[in-house]
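Q:
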Ligand SMILES: Cc1cc2nc3c(=O)[nH]c(=O)nc-3n(C[C@H](O)[C@H](O)[C@H](O)COP(=O)(O)O)c2cc1C
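In our numbering, the protein residues as written are -9 to 230.
(1) Comparing the CB of residue 138 with every heavy atom of ligand 1, is any distance shorter than 6 Å?
(2) Please check if any C-beta of chain C sits within less than 7 Å of the C-beta of residue 198.
(3) Suppose the cutoff is 8 Å on Cβ atoms and the five residues either side in sequence are ignored; what does the same chain contact list for residue 148 look like?
(4) Taking the alpha carbon of residue 69 as the point to measure from, which residue in 206, 214 and 144 has its own alpha carbon closest?
(5) What separation, rounded to the nearest whole angstrom, lies between the Cα atoms of residue 67 and residue 157?
(6) Run the CB neighbour count on residue 220, radius 10 Å, all protein chains shown included, and call it buried at 16 or more, exposed below.
(7) Nearest CA to the CA of residue 123: which residue from 198, 50, 210 and 42?
(8) In whole angstroms, give me the CA-to-CA distance for residue 131 and residue 42.
(9) When you compare only the Cα positions, how much space is there between residue 140 and residue 62?
(10) Let's test the definition: count the other Cβ atoms within 10 Å of the Cβ of residue 71 and tell me whether it reaches 16, buried, or not, exposed.
(11) Apart from the five residues on each side of it in sequence, which residues of its chain come closer than 8 Å, Cβ to Cβ, to residue 196?
(12) Would you please state the rounded distance, in angstroms, between the beta carbons of residue 136 and residue 185? I believe it to be under 8 Å.
(13) Between residue 155 and ligand 1, is there a pair consisting of the residue's CB and a ligand heavy atom that are separated by less than 6 Å?
(14) Taking the alpha-carbon positions, what's the residue 84 to residue 103 distance?
(15) Do you know offhand how far residue 76's Cα is from residue 111's?
(16) Need the endpoints of the alpha helix (DSSP H) that residue 218 sits in, please.
(17) What is the rounded straight-line gap between the Cα of residue 78 and the Cα of residue 204?
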């Protein structure tokens, strides 16, 4: 931990020399006292690229409504020019109940389904989780899919679209906890659809204008976070 102590003491020294109350930034630090180059060069070339956002389904149930909600999210976002969006359906990966011997953090994957899931999730800078609520929590299908991976999600951003009798809020809150362990930062704004008012006969997705209108503000928070986190996932940043 000596590197951390050194970093902290150098930062404190810089603060007290100029203005003790001033935050340390590239504007108020002289060139000679500047932080190490790896910290200063915070904007890698990739940050200029459009962030890639996956819209991840949460249900694999036959007859699910989840896919229609995910498709609606994708169609609503298709016109945006500040990110690219792609539906990633966990059902396509045919993930059995976790069957890897090693915890995901070891990245010692044996099964082809794990390798395919890992490769797909690694492609993205951020995620929109379409979360159904089962027994007041995250569906076992989604929790299982999350358990397969770890580093693939680290230092990325996410937003949640949930639905259920109470907007799926309990599933969404629990999902925030799961994602925190995977080092995914979930934006504050959230989209919540009611089975009673946003679905006809609890089956056909017909979102109310009011609830549909909450998607864009959530994405407006997600995209800058997805871009921001990309800057700390570079090999250069990892070496600091
Ligand atoms: C096993 C099970 C448990 C459920 N528990 C809840 C619940 O706790 N809260 C809720 O709002 N809806 C609950 N529901 C109703 C679901 O919200 C509803 O079936 C919804 O369509 C599920 O999403 P899906 O069709 O995409 O799988 C439950 C449904 C199932 C199948």
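Idealized CB from N, CA, C, for every residue including glycine.
A: In terms of the structure at hand:
(1) For ligand 1, not one heavy atom lies less than 6 Å from the Cβ of residue 138.
(2) No chain C appears in the structure shown, which is made up of a single protein chain.
(3) Non-local C-beta neighbours of residue 148 in its own chain, meaning closer than 8 Å and more than five positions away in sequence, comprise 116, 117, 118, 119, 169, 174, 175, 176, 177 and 212, ordered along the chain.
(4) 206
(5) Between residue 67 and residue 157, the alpha-carbon positions lie close to 21 Å from each other.
(6) buried
(7) 50
(8) 23 Å
(9) 28 Å
(10) exposed
(11) 188, 189 and 190
(12) Not a contact, Cβ separation roughly 24 Å.
(13) Distances taken from the Cβ of residue 155 to the heavy atoms of ligand 1 include one shorter than 6 Å.
(14) 7 Å
(15) 11 Å
(16) 205 to 220
(17) 21 Å
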